[in-house]
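Add 17 to a position in the sequence shown, counting from 1, and you land on the number used in this note's numbering. Cβ atoms here follow ideal geometry from the backbone N, Cα and C, with glycine treated the same way. Read the structure below first, then the notes.
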Amino acid sequence: MKKRSRKAFTLGHSPDPDDAFMFYAIAENKIDLRGYRFEHRLEDIQMLNEHARRGELHISAVSIHAYAYVADKYALLSCGASMGDGYGPIVIRKRPVRRSLGKGCSTLNARRPTSNADSMNEATAREFLSGKKIAVPGEMTSAFLALQLFLGKFDYLVVRFDEIFDAVKSGSVDAGLVIHEGQLTYAKSGFEKIIDLGEWWKRDTGLPLPLGGNVVRKDIPPAVRHDLSEIIRESIDYGLRHRDEAVRHSLAYARDMGTKLTGQFVSMYVNEFTQDYGETGRAAIRKFLTAAHDEGYIDVPVELEFVE
């Protein structure tokens, strides 16, 4: 009997270590793809959000913020989440020059330790950022929404996520909202942290900060959507079971990071929430989007729909 031909699906994800890790087993045919074929589309998260808003991809990584604008076309997969549990996007500024106090004293504090203890407290951070222009990686990113919830209205400039350090260095903005690997590399690049939004959100709500998820178009038949969800879950599970192998694959997408930092970044955003949101993850999304609606940043309430 002739084997039934199955459709090819466009699969959008960002060219970053965590997404590369999640989709490694699909990209390299390490698991049973059940006869489906996948065309990988690698774009930065803001572009993926815009593609999803137009319904252009069958399956895509999107910002949880963007889900509010695509929920009419897409359902969330119950796997593939990127959650910051007590950590997340950070706001940075150029490290201030320290004036010399005497012979042999450095004028630049170039070796500060990097930890959340280095952040300003919330009140100081809000005061410092008041009236400042901040480079952001996109208006539909979850990082942008989290900063709105933390700070209220602010002046901003949209910049590609991988150009934010340069925007801050050049002085075209006063501070930058940093996502992806910049959360680990900012200090060695000459910046200091003002606030960690994931840390603030955890302290404020007791929940992880929902940053990204995977969605599938609703016009795909339910049985096929279920298949696609299971394939992606199996890809995530494969990466977690073969971690060293999957991290090596992810190195191709790790800008300025070696194996150790890449593994650290992957561990931050590929975890138990990635395998399944669970009740805590789903509660975090509801809290995040409800708070955004209550504050007027999202026009309509968002009903979550998951592919089970």
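Drop a sphere of 10 angstroms on the beta-carbon of P238, count the other beta-carbons inside from all chains shown, and report buried for 16 or more, exposed for fewer.
Sequence index remark: in the sequence shown, residue 238 carries index 221 (1-based). With a 10 Å radius around the Cβ and a threshold of 16 neighbouring Cβ atoms, P238 comes out exposed.
Suppose you measure from the CA of A78 to the CA of V283; what does that come to, to the nearest Å?
As a first step, residue 78 is located in the sequence shown; it is residue number 61 there, counting from the start. As a first step, residue 283 is located in the sequence shown; it is residue number 266 there, counting from the start. For the pair A78 and V283, the Cα-to-Cα distance works out to about 16 Å.
Quick check on DSSP: helix, strand or coil for K47?
As a first step, residue 47 is located in the sequence shown; it is residue number 30 there, counting from the start. In the three-state reduction of the DSSP assignment, K47 falls in the coil class.
For a quick check, are the C-beta atoms of D293 and C96 less than 8 Å apart?
For this step, residue 293 is matched to residue 276 along the sequence shown. For this step, residue 96 is matched to residue 79 along the sequence shown. Cβ atoms of D293 and C96: closer than 8 Å.
Under a Cβ-count criterion, where at least 16 other Cβ atoms within 10 Å of its own Cβ denotes burial, should K75 be classed as buried or exposed?
Here residue 75 corresponds to residue number 58 of the sequence shown, with the count starting at 1. The amino acid at residue 75 is misidentified as Lys; the sequence shows His. Buried, because 16 or more other Cβ atoms sit within 10 Å of the Cβ of H75.
When DSSP labels each residue in this structure, what does Y86 get in the three-state scheme?
One-based indexing of the sequence shown puts residue 86 at position 69. Here DSSP, grouped into helix, strand and coil, assigns Y86 to helix.
Going by Cα to Cα distance, which pick from Q281, M100, K170, A269 is closest to A309?
Position 292 of the sequence shown, counted from the start, is the residue given in the question as residue 309. The closest CA to that of A309, considering only Q281, M100, K170, A269, is found on K170.
Whose C-beta lies closer than 8 Å to the C-beta of L50 among residues of the same chain, with five residues either side of it excluded?
Walking along the sequence shown from the start, residue 50 turns up at place 33. Closer than 8 Å at the Cβ level, and outside the excluded window around L50, lie I43, I248.
Backbone secondary structure at K219 - three-state DSSP:
Along the sequence shown, read from residue 1 onward, the residue named residue 219 stands at position 202. Helix.
Have a look at I109 and S136 and give me their C-alpha separation to the nearest angstrom.
One-based indexing of the sequence shown puts residue 109 at position 92. One-based indexing of the sequence shown puts residue 136 at position 119. Cα to Cα, the separation comes out at about 9 Å.
What distance in whole Å lies between the Cβ atoms of K47 and K235, which are believed to be in contact at a cut-off of 8 Å?
Within the sequence shown, the letter at position 218 stands for residue 235. Within the sequence shown, the letter at position 30 stands for residue 47. Rounded, the Cβ-Cβ distance is 29 Å, inconsistent with contact.
Skipping 5 residues on each side, what residues in its chain have a beta carbon closer than 6 Å to that of R54?
Within the sequence shown, numbered from 1, the residue matching residue 54 stands at position 37. Within the same chain, R54 has close Cβ partners A25.
Cβ-based neighbour list, G280, same chain, cut-off 8 Å, excluding 5 preceding and 5 following
In the sequence shown, residue 280 corresponds to position 263, counting from 1. Its chain contains R260, V264 as the residues whose beta carbon lies nearer than 8 Å to that of G280, once the 5 sequence neighbours on both sides are disregarded; these appear in chain order.
May I ask you to verify whether the segment 61–76 touches the segment 293–308, counting CB pairs closer than 8 Å and requiring at least 3?
These segments do not touch.
Jot down the residue ranges of each uninterrupted beta strand (DSSP E) in the segment 199–284, minimum 3 residues, whole runs only, in chain order.
Within the segment 199–284, the complete beta strand (DSSP E) runs of at least 3 residues are 208–213, 226–234.
Determine the burial state of V317: buried for a count of at least 16 other Cβ atoms within 10 Å of its Cβ, exposed for fewer.
Here the question's residue 317 lines up with position 300 in the sequence shown. Under the 10 Å beta carbon count, V317 is surrounded by fewer than 16 other beta carbons and is classified as exposed.
Go to E289, then tell me how far its alpha helix (DSSP H) extends in each direction, as first and last residue.
As a working mapping, residue 289 is identified with position 272 in the sequence shown. Note, E289: alpha helix (DSSP H), 289–292.
Just the Cα atoms here: how many angstroms apart are H57 and A140?
Residue 57 sits at position 40 when you count from the first residue of the sequence shown. Residue 140 sits at position 123 when you count from the first residue of the sequence shown. Near 43 Å, if we compare the C-alpha coordinates of A140 and H57.
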